[in-house]
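To convert, count from 1 in the sequence shown and add 260; that's this note's numbering. Note that CB positions come from ideal geometry on N, CA and C, so glycine has one too. Since the model is a prediction, treat every value here as computed from it, not as a measurement. Written below as structure tokens is the structure these notes are about.
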Amino acid sequence: MDLKKENRLLHARLRELTQKAQENQETLGRFHARELELLGAETLPELLSCMTEGLKTSFEIESLHLMLHDPNHEIRHLLYKNGLDEKAFPLLEFVDDMVTVNPRFQRLRSPWLGSFLSPEYDLLFSDPAGIESIAILPMVRHNRLIGSINLGSSEQSRFSRQLATDFLARLATICSVCLENTVNREHILISGLTDPLTELHNRRYLDRRLDEELARAGRYRQPLSCLFIDADHFKQINDTYGHQAGDIVLRELANRIRSQLRASDIATRFGGEEFALLLPQTCLNEALMLAERIRMEVNSQPIPLDNGSTLQLSVSIGVSETLPLSSKSQQKADGQRLLANADQALYTAKANGRNRIEYHQTDKALPDEINSSER
Numbered sequence: 261m262d263l264k265k266e267n268r269l270l271h272a273r274l275r276e277l278t279q280k281a282q283e284n285q286e287t288l289g290r291f292h293a294r295e296l297e298l299l300g301a302e303t304l305p306e307l308l309s310c311m312t313e314g315l316k317t318s319f320e321i322e323s324l325h326l327m328l329h330d331p332n333h334e335i336r337h338l339l340y341k342n343g344l345d346e347k348a349f350p351l352l353e354f355v356d357d358m359v360t361v362n363p364r365f366q367r368l369r370s371p372w373l374g375s376f377l378s379p380e381y382d383l384l385f386s387d388p389a390g391i392e393s394i395a396i397l398p399m400v401r402h403n404r405l406i407g408s409i410n411l412g413s414s415e416q417s418r419f420s421r422q423l424a425t426d427f428l429a430r431l432a433t434i435c436s437v438c439l440e441n442t443v444n445r446e447h448i449l450i451s452g453l454t455d456p457l458t459e460l461h462n463r464r465y466l467d468r469r470l471d472e473e474l475a476r477a478g479r480y481r482q483p484l485s486c487l488f489i490d491a492d493h494f495k496q497i498n499d500t501y502g503h504q505a506g507d508i509v510l511r512e513l514a515n516r517i518r519s520q521l522r523a524s525d526i527a528t529r530f531g532g533e534e535f536a537l538l539l540p541q542t543c544l545n546e547a548l549m550l551a552e553r554i555r556m557e558v559n560s561q562p563i564p565l566d567n568g569s570t571l572q573l574s575v576s577i578g579v580s581e582t583l584p585l586s587s588k589s590q591q592k593a594d595g596q597r598l599l600a601n602a603d604q605a606l607y608t609a610k611a612n613g614r615n616r617i618e619y620h621q622t623d624k625a626l627p628d629e630i631n632s633s634e635r
């Protein structure tokens, strides 16, 4: 081989290596950006958004499906506490047993890349149509499979077995650590925002969510309603049966209230025997009908006490509604007025004989169901 030809080959090889190094550097930069985004997520909803839509956009792929092993519904419960459910994340699926989805998960602990085979891999994606190659990234913590990030591409060569998986393995590890840390942080946060007796949220949580819901309602011009619920003659219950019986009554009252609510409704123990509910996207008439369902549910059957006796409970309920302005400066006043109006309506219900519903006076008519009952 002459010197010129050898020199050309060396230059070509050098250009090839330089280009490969640049591609690796760009890949490293993209993965680093993804990792920073994941590590910066402060809440569970924010993290799940990063792990689904965020990664799909970043990878520029046709399909991504995040599967999380959640046999005890722990993560789902935390989402509900945030006023969300799995429907808020179309690319997310909770599973009780990963192995029943695909036997490969029995031993899979590192990324697997290869061709998409139907029906073997159909359950790994919500819509497998058009997928040619896939990357399965198992999420592992303490040698335990906690989920899987499934990537799908319409390009046959996008995820081939010849490709290195170091970056993908690191990404899966980062996702696993972030999920574990975020779940633990949510538990700690919720414990500080939860009433230990009734397991409803406390007043601190109400204050926090009120600001969020007012902002959302103002942005989308949607109504926000509030219910104040008070157990009738509760002091007499404590004086007659004791505080332990009073605790039983409060727990059962909380359960009966909870049984009538949607996942998006926010129930809190406001203080003592008083409960406050925020009802997003709910107008006054709808709130009044919910209040009547709660009143009837509380009245439906006596509450059994530890001594074998039973106690018939009733509640008084005050209802208010606001259609907050989009202006942030006005939203604080809207929130204070919403709570004050519901509280005043509750006071009126107490003054008018208890076991009834009153609402903050507007020019809106009551639904027939309420007019014909306890008014």
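### Message
Less than 8 Å between the C-beta atoms of N615 and D492, yes or no?
### Response
Along the sequence shown, read from residue 1 onward, the residue named residue 615 stands at position 355. Along the sequence shown, read from residue 1 onward, the residue named residue 492 stands at position 232. The answer is yes: Cβ separation under 8 Å.
### L537 beta carbon less than 8 Å from that of L487
Locating residue 487 in the sequence shown gives position 227, counting from the first residue. Locating residue 537 in the sequence shown gives position 277, counting from the first residue. Yes, they are a contact pair.
### Query
Can you list, in chain order, the residues of its chain whose CB lies under 7 Å from that of S576, leaving out five sequence neighbours each side?
The residue you call residue 576 lines up with position 316 of the sequence shown. Same-chain partners within the cutoff: D490, D492, L606, A609, K610, R614, N615 and R616.
### Message
With three or more C-beta pairs closer than 8 Å as the rule, is the stretch 394-403 touching the stretch 262-275?
### Response
no
### Message
According to DSSP, simplified to helix, strand and coil, what is N545?
### Response
The count along the sequence shown starts at 1 and reaches residue 545 at position 285. Correct three-state label for N545: helix.
### Message
Which complete alpha helix (DSSP H) runs does the stretch 355-436 hold, if anything under 4 residues is left out?
### Response
358-361
### Query
In three-state terms, what does DSSP make of R555?
Your numbering for residue 555 matches position 295 in the sequence shown. In the structure shown, R555 sits in a helix (DSSP, three-state: H, G or I).
### Message
With distance defined between alpha-carbon atoms, name the residue in R597, D594 and Q604 nearest to G578.
### Response
Numbered from 1 along the sequence shown, position 318 holds the residue referred to as residue 578. Considering only alpha carbons, the answer is Q604.
### Task
Would you decide whether G532 is buried or exposed? Buried here means 16 or more other CB atoms lie within 10 Å of its CB.
For this step, residue 532 is matched to residue 272 along the sequence shown. G532 is exposed by the Cβ-count criterion.
### Query
By how many angstroms is the C-alpha of S560 removed from the C-alpha of R635?
Walking along the sequence shown from the start, residue 635 turns up at place 375. Walking along the sequence shown from the start, residue 560 turns up at place 300. With a pLDDT of 31 at R635, under the threshold of 50, the modelled position of that residue is not reliable, and no figure is offered here.
### Query
If you draw a straight line from the alpha carbon of A395 to that of P371, how long is it in whole angstroms?
Locating residue 395 in the sequence shown gives position 135, where the first residue counts as 1. Locating residue 371 in the sequence shown gives position 111, where the first residue counts as 1. Those two C-alpha atoms are separated by around 7 Å.
### Task
State the start and end residues of the unbroken alpha helix (DSSP H) segment that holds I497.
Along the sequence shown, read from residue 1 onward, the residue named residue 497 stands at position 237. Element bounds for I497: F494 to Y501.
### Query
What is the DSSP secondary structure of S258, counted as helix, strand or coil?
In this structure the chain extends from 261 to 635, so residue 258 is not present and cannot be described.
### Message
So, with DSSP's three-state summary, where would you put L573?
### Response
If you number the sequence shown from 1, residue 573 lands on position 313. In the structure shown, L573 sits in coil (DSSP, three-state: anything other than H, G, I, E or B).
### Message
According to DSSP, L326 sits in a beta bridge with which residue or residues?
### Response
On the sequence shown, residue 326 is found 66 positions in, with the first residue counted as 1. Answer by DSSP bridge pairing, in chain order: L352 and I409.
### Message
Below 8 Å, how does it come out for the stretch 327-339 and the stretch 475-485: are there three or more Cβ pairs, yes or no?
### Response
no
### Message
Can you find the residues in the same chain that come closer than 6 Å, C-beta to C-beta, to I526, ignoring five residues on each side of it along the sequence?
### Response
Position 266 of the sequence shown, counted from the first residue, corresponds to residue 526. If we look at I526 and ignore the five residues flanking it on each side, its Cβ neighbours are R469 and L538.
### Message
Which same chain residues end up closer than 6 Å to S323 when comparing Cβ atoms and leaving out the 5 residues on each side of it in sequence?
### Response
Numbered from its first residue, the sequence shown carries residue 323 at position 63. Within the same chain, S323 has close Cβ partners F385, I391 and G412.
### Query
Can you tell me whether P584 is buried or exposed, with buried defined as 16 or more other CB within 10 angstroms of its CB?
The residue you call residue 584 lines up with position 324 of the sequence shown. The residue in question, P584, is buried, as its Cβ has 16 or more Cβ neighbours within 10 Å.
### Message
Relative to the C-alpha of L702, which candidate in D356, D382, L263 and L397 has its C-alpha closest?
### Response
Absent from the structure is residue 702, since the part of the chain shown begins at 261 and ends at 635.
### Of the residues R597, K341 and T442, the one placed nearest Y465, counting alpha carbons only
The sequence position of residue 465 within the sequence shown is 205, counting from 1. For Y465, the nearest C-alpha among the options comes from K341.
### Message
Whole angstroms are fine: how far does the CA of C438 sit from the CA of E276?
### Response
As a working note, residue 276 is residue 16 in the sequence shown. As a working note, residue 438 is residue 178 in the sequence shown. Cα to Cα, the separation comes out at about 37 Å.
### Task
Name the residue from I563, E380 and R555 whose alpha carbon lies nearest to the alpha carbon of D507.
In the sequence shown, counting from the first residue as 1, residue 507 sits at position 247. Considering only alpha carbons, the answer is I563.
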